[in-house]
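Participant: The structure that follows is given in the form of structure tokens.
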Amino acid sequence: VQSELYKGIQLNYKKSPATPQKPALILPLNPLSLPNSNLPASFATAAVGNTSDSGNNLKFVLFASSPNILRDAINNVAAANLNLNNSPNYQKALQQLDRGRIALAFVNFPEPEAPQNIPVSPNSLAVAIGVNRRGLLAQTALVTSRENTASPTLSEPVLALQYIPSASPFAVASTDLRNFWADLSSMVSANAEVSKLVDRALGDIQQVWGVNLPQDIFNWVQGEYALAVVPSSSNSADWVFVTETSADALQAIDKLDEIARSKEYSIGSFTLRNQKITAWTQLTTSSNSGKENKRQSAIVTEAKGVRATVGKYEIFTTSVEAMDAALKAAETGSLVANQDFQISIEALPPANDGYFYLDWPSIRSIWEKQIPLLRLIELSARPLFDHLRSITVTSTGEITGIRKATIFMRLN
1 VQSELYKGIQ
11 LNYKKSPATP
21 QKPALILPLN
31 PLSLPNSNLP
41 ASFATAAVGN
51 TSDSGNNLKF
61 VLFASSPNIL
71 RDAINNVAAA
81 NLNLNNSPNY
91 QKALQQLDRG
101 RIALAFVNFP
111 EPEAPQNIPV
121 SPNSLAVAIG
131 VNRRGLLAQT
141 ALVTSRENTA
151 SPTLSEPVLA
161 LQYIPSASPF
171 AVASTDLRNF
181 WADLSSMVSA
191 NAEVSKLVDR
201 ALGDIQQVWG
211 VNLPQDIFNW
221 VQGEYALAVV
231 PSSSNSADWV
241 FVTETSADAL
251 QAIDKLDEIA
261 RSKEYSIGSF
271 TLRNQKITAW
281 TQLTTSSNSG
291 KENKRQSAIV
301 TEAKGVRATV
311 GKYEIFTTSV
321 EAMDAALKAA
331 ETGSLVANQD
341 FQISIEALPP
351 ANDGYFYLDW
361 PSIRSIWEKQ
371 IPLLRLIELS
381 ARPLFDHLRS
391 ITVTSTGEIT
401 GIRKATIFMR
411 LN
């Protein structure tokens with residue numbers, strides 16, 4: 001460990017050896033680090049003192065990946081135009097974080113390498129984390145390039161949630177999906193890695209539904225909507241999508257029927273729980289072992305998509321079983337009546353733009369199969385994930401280009 005006195009402050013750091021050591025054949029597993037992660041070549045610390053406005057002597061411990069970073073940090077204290085406390089974006093974001101907090105994080109997003117013609121892009125993000133009697137409560141303030149102001153659109157959960165079964169481990173509910181998708185696409189396009197992540201998530205759903213979600217679904221949904229995962233008897237996950245009926249919706253359904261015919265699916269109707277149901281089906285063959293171990297083939301009708309018009313809502317599901325669960329939810333109790341869901345939203349502001357709800361223990365096994373990287377993320381934060389019960393996110397409007405949201409992490 002080397003020590004250095006820089007502007008009256010002692011720096012302690014350990015540099016990597018000049019000649020790289022031959023790596024061991026078998027590396028020990030560190031549960032707090034990700035495999036194949038690029039660790040910093042050196043590590044540095046320093047203890048600094050500062051006097052607050054009230055005259056109290058404050059002491060801080062600085063950690064950095066190299067002593068050069070610490071030197072820059074010490075220099076920035078004296079340079080008013082360089083330190084974070086004088087950053088306009090930091091001050092604007094901080095004004096919107098009005099709840100008590102035990103930790104604060106601030107991120108400046110890198111500017112795109114090439115100029116991009118996008119209507120709105122993220123500049124910086126501030127996150128304040130506080131303690132709730134049931135878990136952790138975080139406020140976020142996203143500073144964007146467009147100085148827009150918008151009030152929250154909802155004061156209670158959308159009624160479309162009445163068709164989401166209470167056992168759903170994942171649900172998103174709000175209004176005006178078209179506008180939300182346009183803004184989200186604009187912001188994620190500024191970051192290639194985030195854009196790839198969103199495209200992959202869309203690709204998984206599109207593979208199940210067999211449609212282009214932005215063009216065939218998102219583009220016409222302007223009223224209420226709810227999207228949810230429904231557990232099925234086949235140990236896989238079905239999807240349920242509910243939205244308000246409109247002239248655009250009827251035209252979109254006609255287009256979906258055309259897409260089904262182009263894929264040579266059959267379109268038929270039947271009755272389920274006194275409701276007319278339309279299904280896009282495909283005939284397939286399955287082989288079974290019969291008597292004397294002879295192979296027998298049977299023709300099976302496989303539902304590729306199911307839809308129904310119930311009241312003022314259009315309901316789409318990936319199976320007949322999921323449609324039955326959606327119709328049953330409106331009669332016997334939906335996600336809104338679920339006690340765990342109610343506990344998860346009670347800590348959030350009542351005036352908001354909708355909810356993103358995740359029941360972690362229930363969705364964990366499903367997502368670990370679809371997202372292998374998730375296991376590595378769990379290892380890096382095992383104490384949190386082992387006690388995580390649910391995550392609920394809601395946005396709470398926008399003030400002069402600063403988009404606010406609240407995140408509640410319920411812990412066991």
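Here the sequence shown is numbered in this note's numbering, starting from 1 and rising by one per residue. Ideal Cβ placement from N, Cα and C applies to all residues, glycine included.
Compare the C-beta of residue 312 with all C-beta atoms of chain B and state if any pair is closer than 9 angstroms.
Facilitator: Looking for chain B here will not work: only one protein chain is present.
Participant: Pair every Cβ in the segment 192-212 with every Cβ in the segment 245-252, then say whether three or more of these pairs are closer than 8 angstroms.
Facilitator: No contact exists between the segment 192-212 and the segment 245-252.
Participant: Have a look at residue 329 and residue 163 and give me their C-alpha separation to the nearest angstrom.
Facilitator: On the sequence shown, position 329 is the one that residue 329 refers to. On the sequence shown, position 163 is the one that residue 163 refers to. Whole-angstrom Cα-Cα distance: 5 angstroms.
Participant: Can you give the beta carbon distance from residue 48 to residue 401, rounded, assuming they're within the 8 angstroms contact cut?
Facilitator: Residue 48 sits at position 48 when you count from the first residue of the sequence shown. Residue 401 sits at position 401 when you count from the first residue of the sequence shown. No, residue 48 and residue 401 are not in contact; Cβ-Cβ is about 34 angstroms, not under 8 angstroms.
Participant: In or out: residue 67 buried (at least 16 other Cβ within 10 Å) or exposed?
Facilitator: As a first step, residue 67 is located in the sequence shown; it is residue number 67 there, counting from the start. With 16 or more other Cβ atoms within 10 Å, it is buried.
Participant: Assuming residue 74 and residue 14 are in contact, meaning their beta carbons sit under 8 angstroms apart, how far apart are those beta carbons, in whole angstroms?
Facilitator: Against the sequence shown, residue 74 aligns to sequence position 74. Against the sequence shown, residue 14 aligns to sequence position 14. Residue 74 to residue 14, Cβ: 19 angstroms. No contact.
Participant: Mind checking residue 285: buried by the 16 CB within 10 Å criterion, or exposed?
Facilitator: For the purposes of this step, residue 285 is taken as residue 285 along the sequence shown, with counting starting at 1. Its Cβ having fewer than 16 others within 10 Å, residue 285 is exposed.
Participant: Would you give the residue range spanned by the beta strand (DSSP E) that residue 335 belongs to?
Facilitator: For the purposes of this step, residue 335 is taken as residue 335 along the sequence shown, with counting starting at 1. From DSSP, residue 335 is part of no beta strand (DSSP E); its letter is neither H nor E.
Participant: What residue from 95, 96, 103, 89 has the CA that sits closest to residue 109's CA?
Facilitator: For this step, residue 109 is matched to residue 109 along the sequence shown. Here the closest residue by C-alpha is 89.
Participant: For residue 270, count the other beta carbons within 10 Å of its own beta carbon; 16 or more makes it buried, fewer makes it exposed. Which is it?
Facilitator: Numbered from its first residue, the sequence shown carries residue 270 at position 270. Exposed, because fewer than 16 other Cβ atoms sit within 10 Å of the Cβ of residue 270.
Participant: Let me confirm a value: residue 390 is counted as buried when at least 16 other C-beta atoms fall within 10 Å, else exposed. Which label applies?
Facilitator: The residue labelled residue 390 in the question sits at position 390 within the sequence shown. Per the 10 Å Cβ criterion, buried.
Participant: Determine the DSSP secondary structure at residue 84, reduced to helix, strand or coil.
Facilitator: The count along the sequence shown starts at 1 and reaches residue 84 at position 84. The answer is helix: DSSP assigns residue 84 an H, G or I state.
Participant: Compare the Cα-Cα distances from residue 264 to each of 210, 85, 158 and report the closest residue.
Facilitator: Against the sequence shown, residue 264 aligns to sequence position 264. For the residues 210, 85, 158, the minimum Cα distance to residue 264 belongs to 210.
Participant: Out of 77, 347, 125, 313, point me to the one whose CA is closest to residue 158's CA.
Facilitator: In the sequence shown, residue 158 corresponds to position 158, counting from 1. The candidate whose alpha carbon is nearest that of residue 158 is 313.
Participant: Assuming the contact rule is C-beta atoms closer than 8 angstroms, residue 281 and residue 266 should be a hit. Round their C-beta distance to whole Å, please.
Facilitator: For the purposes of this step, residue 281 is taken as the residue at position 281 of the sequence shown. For the purposes of this step, residue 266 is taken as the residue at position 266 of the sequence shown. Going by Cβ atoms, the distance from residue 281 to residue 266 rounds to 5 angstroms, so yes, they are a contact pair.
Participant: Contact between the segment 334-353 and the segment 305-323: three or more CB pairs below 8 angstroms?
Facilitator: Not touching, per the Cβ criterion.
Participant: Where does the unbroken alpha helix (DSSP H) through residue 180 begin, and where does it stop?
Facilitator: Within the sequence shown, residue 180 is the residue found at index 180, counting from 1. It spans 177-188 - the alpha helix (DSSP H) in which residue 180 sits, taken as one unbroken run.
Participant: Could you give the DSSP three-state label for residue 248: helix, strand or coil?
Facilitator: Along the sequence shown, read from residue 1 onward, the residue named residue 248 stands at position 248. Residue 248: helix per DSSP, three-state reduction.
Participant: If you draw a straight line from the C-alpha of residue 352 to the C-alpha of residue 2, how long is it?
Facilitator: Here residue 352 is taken as the residue at index 352 of the sequence shown, counted from 1. Here residue 2 is taken as the residue at index 2 of the sequence shown, counted from 1. Cα-Cα distance, rounded: 52 angstroms.
Participant: Since residue 69 is in the alpha helix (DSSP H), which residue starts that stretch and which ends it?
Facilitator: In the sequence shown, residue 69 corresponds to position 69, counting from 1. 67-78 is the extent of the alpha helix (DSSP H) around residue 69.
Participant: Assign residue 34 to one of three DSSP states: helix, strand, or coil.
Facilitator: If you number the sequence shown from 1, residue 34 lands on position 34. In this prediction, residue 34 has a pLDDT of 41, which is less than 50 and means its spatial position is unreliable; nothing more can be read from the coordinates.
Participant: Leaving out five residues on either side along the sequence, give the residues of the same chain with a beta carbon under 8 angstroms from the beta carbon of residue 322.
Facilitator: What you label residue 322 is simply residue 322 of the sequence shown in a count that begins at 1. For residue 322, where only same-chain residues beyond five positions count, the Cβ hits under 8 angstroms are 230, 232, 238, 239, 240, 306.
Participant: Run through DSSP, which three-state label would residue 307 get?
Facilitator: In the sequence shown, residue 307 corresponds to position 307, counting from 1. Strand.
Participant: With three or more beta-carbon pairs closer than 8 angstroms as the criterion, would you say the segment 166-178 touches the segment 219-230?
Facilitator: Cβ pair count under 8 angstroms is three or more, so yes.
Participant: Check whether the Cβ atoms of residue 327 and residue 300 lie closer than 9 angstroms to each other.
Facilitator: Taking the sequence shown and counting its residues from 1, the one referred to as residue 327 is at position 327. Taking the sequence shown and counting its residues from 1, the one referred to as residue 300 is at position 300. Going by C-beta atoms, residue 327 is not nearer than 9 angstroms to residue 300.
Participant: Can you tell which of 71, 363, 226, 333 has its C-alpha closest to the C-alpha of residue 236?
Facilitator: Locating residue 236 in the sequence shown gives position 236, where the first residue counts as 1. Of 71, 363, 226, 333, the residue nearest in Cα terms is 363.
Participant: Is the distance from the Cβ of residue 425 to the Cβ of residue 83 below 9 angstroms?
Facilitator: Missing from the structure shown is residue 425; the chain here goes from 1 to 412 and no further.
Participant: Less than 9 angstroms between the beta carbons of residue 396 and residue 356, yes or no?
Facilitator: Reading the sequence shown from its first residue, position 396 is the one you call residue 396. Reading the sequence shown from its first residue, position 356 is the one you call residue 356. Going by C-beta atoms, residue 396 is not nearer than 9 angstroms to residue 356.
Participant: Who are the near neighbours of residue 324 in its chain, counting only those whose CB is closer than 8 angstroms to its CB and skipping five residues on each side?
Facilitator: Sequence index remark: in the sequence shown, residue 324 carries index 324 (1-based). Result list for residue 324: 272, 273, in chain order.
Participant: Within the same chain, show all residues whose beta-carbon is closer than 7 angstroms to that of residue 9, passing over the 5 residues directly before and after it, in chain order.
Facilitator: Position 9 of the sequence shown, counted from the first residue, corresponds to residue 9. Around residue 9: 46, 48, 74.
Participant: Spatial neighbours of residue 303 within its chain, please: CB distance less than 6 angstroms, with the 5 preceding and 5 following residues excluded, ordered by chain position.
Facilitator: Position 303 of the sequence shown, counted from the start, is the residue given in the question as residue 303. Closer than 6 angstroms at the Cβ level, and outside the excluded window around residue 303, lie 279, 281, 319, 320.
Participant: Taking buried to mean at least 16 other C-beta atoms within 10 Å of its own C-beta, is residue 404 buried or exposed?
Facilitator: To locate residue 404, count along the sequence shown from 1; it is residue 404. It is buried - the Cβ of residue 404 has at least 16 other Cβ atoms within 10 Å.
Participant: Where does residue 262 fall in DSSP's three states?
Facilitator: Stepping through the sequence shown from its first residue, residue 262 is reached at position 262. DSSP places residue 262 in helix when its eight states are reduced to three.
Participant: Look up residue 354 in the DSSP assignment and give the residues it is bridged to.
Facilitator: Here residue 354 is taken as the residue at index 354 of the sequence shown, counted from 1. 174.
Participant: Can you give me the start and stop residues for the beta strand (DSSP E) that residue 125 sits inside?
Facilitator: Position 125 of the sequence shown, counted from the first residue, corresponds to residue 125. Looking at the DSSP string, the run of the beta strand (DSSP E) that includes residue 125 is 122-132.
Participant: Assign residue 410 to buried or exposed, taking buried as 16 or more other Cβ atoms, counted over all protein chains shown, within 10 Å of its Cβ.
Facilitator: Within the sequence shown, numbered from 1, the residue matching residue 410 stands at position 410. When all chains shown are included, residue 410 counts as buried.
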